[in-house]
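Okay, so the sequence shown: first residue is 0 according to numbering that gives the first Met the number 0, each after it adds one. Glycine included, every Cβ here is placed at the ideal spot set by N, Cα and C.
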Amino acid sequence: MVLGKEKWTNLLNEPHYYYLIEDFIETDYKKTSKGGLMGVKYFNVNEILNRDCLTTEQIAKELCNKDWE
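In structure tokens:
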């Protein structure tokens, strides 16, 4: 096997996400459905909170009142 020729090793074909933050803020965004999470789950905070331009602290505070399945 040549590294880069296998699909799972060619990261150039995969989308890249970068999250730049100053600090992590604790929150409690709960999953209500049964079972564990299989893989990665991305959330669009603007859609969940129906707002944009929030600070990290505001997002963490508002997610405490929400849950997901």
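Closest in C-alpha terms to leucine 48, from the list Asp27, Glu61 and Thr55, comes Glu61. Judged by their CB atoms, glutamate 56 and lysine 30 are not nearer to each other than the 8 Å cut-off.
Counted as a single uninterrupted DSSP element, the alpha helix (DSSP H) harbouring valine 44 occupies residues 44 to 48.
Excluding residues up to 5 positions away in sequence, Ile58 lie with their Cβ nearer than 6 Å to the Cβ of valine 44 in the same chain.
One Cα belongs to tyrosine 16, the other to threonine 26, and the distance between them is close to 21 Å. Distance between phenylalanine 42 and leucine 36, taken at the CA atoms: about 13 Å.
By alpha-carbon distance to lysine 65, the top candidate from Thr54, Tyr28, Phe23 and Tyr18 is Tyr28.
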